[in-house]
Amino acid sequence: MTDGVTTRPLIILPAYNEEESLPAVLKELAEQTPDYDVLVVSDGSTDRTAELASAAGVHVAVLPFNLGIGGALRTGFAYAVRQGYERAVQFDADGQHDPLAVQALLDGLERGADMVIGSRFTEGGAVTYSVSGVRRRAMRVLQWLVKVLVRQRFTDTSSGFRAFSRPMLEYFAHSYPVEYMDSVEALVQACNAGFRVEEVPANMRGRTGGAPSTRNFKLVYYYVRLLVVLLVSTTSRGQRQRRSARLGEGRDGEITG
Amino acid sequence: MSTEAHVLIIVLAAAVIAFIIHLVRSRRLRAKYSVLWFSIGLGLAVLAIFPDLLVWVSDLFGIGYAPATFMLLALSFLLVLALHFSWELSRLEDRTRALAEEYALLREEVEARLPRRAGDGSG
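From first to last, the protein sequence lines stand for chains W and E.
Remember, the numbering used here sits 11 above the position in the first sequence when you count from 1.
Remember, the numbering used here sits 515 above the position in the second sequence when you count from 1.
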């Protein structure tokens, strides 16, 4: 195994019909962070997303149909594991993440964290990002629930700007939550499995193109579903995983989900 | 029960069994389901031929209205079946998903080895 400090990190961009914003995002990544490898996971896109990514010279994984962000990410994690990457970063294809902020996330991994979350709401984060009142309250409830479930406080549980260590990638390559609002569930899952999760401030911008992934009424449904999933999943399964993760030091033996 | 009704029920049960046999023979029903549906067909047939059985079971459990017993059994069965199908669907979806991911990764690997690709993705 190679030293984590010297290997190139992999930037994973799940993209579903992002032809509008993707070229600019890839260009920015290439210019500002040329030392990172980039993988675009085209999640059943029906537009030129995969084509444009190929043209930009980055790695492209093309899913035959839409799996949702969780499925696309899991594909990216599996790719990272197989290609031997020590670190990977989840990055948005719609331009709301800042390439220069990636380093702060990677620094978190160097400090020994397995998952580092770029937070919009912790001190030093988000100036240009605004959230509506209802949404803010919904996020507060999630924040509180996560705190109760994992006994650790997070200010931005649904952030999609995250960095992962090798053991975290190996774990998520087969057990990343594949349903919508994956990020919150993944956070709880990681904590329960005994991984160290850290939060760092990260500024995020408005979207440069494309429409938000879900309409409001659907969002409410997914939100309620998430609450149920969180409450159910942390009761028994999580405990077992935590134990096996500790026993195996997160290394030998697959942790069954 | 009138003789006409009795005959009607027996004919219906026979039709159900015949249809199940047809499905299994033409291999449109997997073996694991055929056993299940055959048992159901047989149960229906038995009840159709000996309707007093239902009354006897109802008395045993203190249910005054025999058809209610039938409804209760039918509903419980359908509920379990629907649950089973949900479980099976989830499992199928998981497998399809895994296949799709594997496909994407393999395709990436193949395309990375093809000469026509310009860069090797380092950028």
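Note that beta-carbon positions come from the ideal geometry of N, C-alpha and C, so glycine has one too.
A quick note: this is a predicted structure, and the numbers were derived from the prediction, not measured.
Flag this pair as yes or no: are the beta carbons of A581/E and L78/W separated by less than 8 Å? Indexing the second sequence from 1 puts residue 581/E at position 66. Indexing the first sequence from 1 puts residue 78/W at position 67. No, the pair does not count as a contact, with Cβ atoms beyond the cut-off.
Could you tell me the alpha carbon to alpha carbon distance between L568/E and G556/E, rounded to whole angstroms? On the second sequence, position 53 is the one that residue 568/E refers to. On the second sequence, position 41 is the one that residue 556/E refers to. C-alpha separation (whole angstroms): 16 Å.
Identify every residue that forms a DSSP beta bridge with G108/W. Residue mapping note: residue 108/W aligns to position 97 of the first sequence, counting from 1. Contrary to the premise, residue 108/W reads as His rather than Gly in this sequence. DSSP output for H108/W lists M215/W as bridge partner(s).
Give the secondary structure of R85/W by DSSP, where H, G and I count as helix, E and B as strand, and everything else as coil. For the purposes of this step, residue 85/W is taken as residue 74 along the first sequence, with counting starting at 1. Helix, per DSSP.
State whether the stretch 33-49 of chain W contacts the stretch 571-587 of chain E, with contact taken as three or more CB pairs (one from each stretch) at a distance under 8 Å. no
Using beta carbons (cut-off 8 Å, strictly below), is F183/W in contact with chain E? Sequence index remark: in the first sequence, residue 183/W carries index 172 (1-based). Not an interface residue.
Using a 10 Å radius around the Cβ and a threshold of 16 neighbouring Cβ atoms, would you call L24/W buried or exposed? What you label residue 24/W is simply residue 13 of the first sequence in a count that begins at 1. So L24/W counts as buried.
May I have the straight-line CA-CA distance separating L604/E from Q154/W, to the nearest angstrom? On the second sequence, residue 604/E is found 89 positions in, with the first residue counted as 1. On the first sequence, residue 154/W is found 143 positions in, with the first residue counted as 1. Spanning the two alpha carbons is a distance of roughly 32 Å.
So D167/W and I128/W are supposed to be a Cβ contact under 8 Å. How far apart are they, rounded? For this step, residue 167/W is matched to residue 156 along the first sequence. For this step, residue 128/W is matched to residue 117 along the first sequence. With 8 Å as the limit, D167/W and I128/W qualify as a contact, their Cβ atoms being about 6 Å apart.
Would you report the Cα separation of L538/E and A72/W, rounded to the nearest angstrom? By one-based count along the second sequence, residue 538/E stands at place 23. By one-based count along the first sequence, residue 72/W stands at place 61. Distance between the alpha carbons of L538/E and A72/W: 41 Å.
Please state if the CB of A213/W and the CB of R269/W are separated by a distance shorter than 8 Å. As displayed, chain W neither begins before 12 nor continues past 268, which places residue 269/W out of reach and without an answer.
Does any residue of chain W bring its CB to less than 8 Å from the CB of R606/E? One-based indexing of the second sequence puts residue 606/E at position 91. No, R606/E lies away from the interface with chain W (no Cβ there is under 8 Å from its Cβ).
In this structure, does DSSP put L527/E in helix, strand or coil? Sequence index remark: in the second sequence, residue 527/E carries index 12 (1-based). In this structure, L527/E counts as helix in the three-state DSSP scheme.
Given a cut-off of 8 Å on the beta-carbon distance, is the pair L629/E and Y90/W in contact? Start at 1 with the first residue of the second sequence, and residue 629/E comes out as number 114. Start at 1 with the first residue of the first sequence, and residue 90/W comes out as number 79. Going by C-beta atoms, L629/E is not nearer than 8 Å to Y90/W.
Keeping to the same chain, check which residues put their C-beta closer than 8 Å to that of M586/E; ignore five residues upstream and five downstream. One-based indexing of the second sequence puts residue 586/E at position 71. Contacts found: none.
Return the CA-CA distance between V526/E and A520/E, expressed in angstroms with no decimal places. Translated into the one-based positions of the second sequence, residue 526/E becomes position 11. Translated into the one-based positions of the second sequence, residue 520/E becomes position 5. Each residue's alpha carbon lies about 10 Å from the other.
To the nearest whole angstrom, what separates the beta carbons of A26/W and L33/W, a pair I think is in contact under 8 Å? Translated into positions along the first sequence, residue 26/W becomes position 15. Translated into positions along the first sequence, residue 33/W becomes position 22. Between L33/W and A26/W the Cβ distance is about 6 Å, and since that is below 8 Å, they are a contact.
With DSSP collapsed to three states, give me the class of Q8/W. Outside the shown range of chain W, which is 12 to 268, sits residue 8/W, and nothing can be said about it.
Under a Cβ-count criterion, where at least 16 other Cβ atoms within 10 Å of its own Cβ denotes burial, should Q101/W be classed as buried or exposed? Along the first sequence, read from residue 1 onward, the residue named residue 101/W stands at position 90. By the 10 Å Cβ count, Q101/W comes out buried.
Kindly list, in the order they appear in chain E, the residues whose Cβ is closer than 8 Å to that of Y90/W. Residue numbering aside, residue 90/W sits at position 79 when the first sequence is read from its first letter. The answer, in chain order, is L620 and E623.
Assuming contact is defined by CB atoms lying nearer than 8 Å, are I535/E and A560/E in contact in what I supplied? In the second sequence, the residue the question calls residue 535/E occupies position 20. In the second sequence, the residue the question calls residue 560/E occupies position 45. Contact: no.
Run of the beta strand (DSSP E) containing F175/W, from where it starts to where it stops: Translated into the one-based positions of the first sequence, residue 175/W becomes position 164. Taken as a continuous stretch (DSSP letters only), the beta strand (DSSP E) holding F175/W covers R173 to S176.
Residue of F553/E, E624/E and Y548/E minimising C-alpha distance to A528/E: Position 13 of the second sequence holds residue 528/E. Selected option, being the one with the closest Cα: F553/E.
With DSSP as the reference, label G129/W as helix, strand or coil. As a first step, residue 129/W must be located in the first sequence, where it is residue number 118. Of the three classes helix, strand and coil, the one that applies to G129/W here is strand, per DSSP.
Please decide whether R610/E counts as near chain W, where near means a Cβ-Cβ distance under 8 Å. Taking the first residue of the second sequence as 1, we reach residue 610/E at position 95. Not closer than 8 Å to any Cβ of chain W, the Cβ of R610/E fails to qualify, so no.
With DSSP collapsed to three states, give me the class of L24/W. Against the first sequence, residue 24/W aligns to sequence position 13. Three-state result, L24/W: strand.
Measure the alpha-carbon distance for S573/E versus L523/E and round it to whole angstroms. Here residue 573/E corresponds to residue number 58 of the second sequence, with the count starting at 1. Here residue 523/E corresponds to residue number 8 of the second sequence, with the count starting at 1. When rounded, the distance between both Cα atoms is 22 Å.
Can you confirm whether F76/W, when its beta carbon is compared against all beta carbons of chain E, has any partner nearer than 8 Å? Locating residue 76/W in the first sequence gives position 65, counting from the first residue. Output row for F76/W: interface = yes.
Cutoff 7 Å; reference A112/W; Cβ partners in own chain excluding five residues on either side: Locating residue 112/W in the first sequence gives position 101, counting from the first residue. So the qualifying residues of the chain are G129, A213 and N214.
Taking only beta-carbon positions, decide if E616/E is within less than 8 Å of chain W. Reading the second sequence from its first residue, position 101 is the one you call residue 616/E. Yes, its Cβ sits closer than 8 Å to a Cβ of chain W.
Limits of the unbroken alpha helix (DSSP H) element including L590/E: Here residue 590/E refers to the residue found at position 75 when the second sequence is read from its first residue. From DSSP, the alpha helix (DSSP H) with L590/E extends over A581 to R628.
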